[in-house]
Amino acid sequence: MKKGLYWWEYEDASGLQRGQLWQRLTQAEQAEIVRLNGYRKRKKIPNAALEYLKSVFPLPIDRRDLLSMSEYERRCGFGKGEVLKLLSDEQREHLVNLGYRRSQKLTYRAMLYLKSLGYY
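Residue numbers (our numbering): 52 to 171.
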């Protein structure tokens with residue numbers, strides 16, 4: 052990936068619509084990006100902020116890797132809604148903090164979290 056992306060370019064690469072990336076970050080992550088002077092809508096993301104953003108919100112190798120929760124469950128051999136039922140309340144809350152939204156594609160970091168829990 053090239054250096055100095057615009058916010059909308061990073062959102063496109065992550066499979067999100069414009070404006071969704073900032074909403075999917077936690078308040079601590081938002082504060083760190085602001086501290087690194089990285090949230091300016093019409094300017095490129097500075098390298099330090101971009102590196103931090105990549106560490107907390109990694110990008111998929113290919114956009115075709117982004118799936119909805121039901122597609123992800125199907126690929127893992129589960130029925131629709133089964134994975135969410137297997138998660139504890141704390142794990143579900145953490146999944147939401149990582150960007151999970153009903154009726155939207157999973158963010159890549161949410162998929163990585165599910166894989167770390169053994170759902171793959």
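Don't be surprised by glycine CBs; every beta carbon is placed ideally from N, CA and C.
Query raised in the report: Relative to the C-alpha of R75, which residue among S167, V134 and L157 is closest?
Result: Among S167, V134 and L157, the Cα nearest to that of R75 is on L157.
Report task. Could you spell out where the alpha helix (DSSP H) holding K105 opens and where it closes? Result -> From DSSP, the alpha helix (DSSP H) with K105 extends over N98 to V107.
Query raised in the report: Taking the alpha-carbon positions, what's the V85 to W73 distance?
Result: Going from the Cα of V85 to the Cα of W73 covers about 11 Å.
Query raised in the report: How should E124 be labelled, buried or exposed, when 16 other C-beta atoms within 10 angstroms of its C-beta is the threshold for buried?
Result: Result: buried.
Query raised in the report: Would you call the stretch 123-141 and the stretch 97-113 in contact, with 3 or more CB pairs under 8 Å?
Result: The way I'd put it, the stretch 123-141 doesn't touch the stretch 97-113; fewer than three beta-carbon pairs between them come closer than 8 Å.
**Report entry** Helix, strand or coil at Q81 according to DSSP, with G and I counted as helix
**Finding:** Here Q81 carries a helix assignment [DSSP, helix/strand/coil].
Query raised in the report: Looking at the structure shown, is K136 part of a helix, part of a strand, or coil, going by DSSP?
Result: Note: K136 maps to helix in three-state DSSP.
Query - Cβ pair E122, Y103 closer than 8 Å - result: In terms of Cβ geometry, E122 and Y103 do not form a close pair [threshold 8 Å].
Query raised in the report: Between Y159 and Y151, what straight-line distance do the alpha-carbon atoms span, to the nearest angstrom?
Result: Cα to Cα, Y159 sits roughly 10 Å from Y151.
Query - Cα-Cα separation between Q71 and S65, rounded to whole angstroms - result: In this model, Q71 and S65 are separated by some 10 Å (Cα to Cα).
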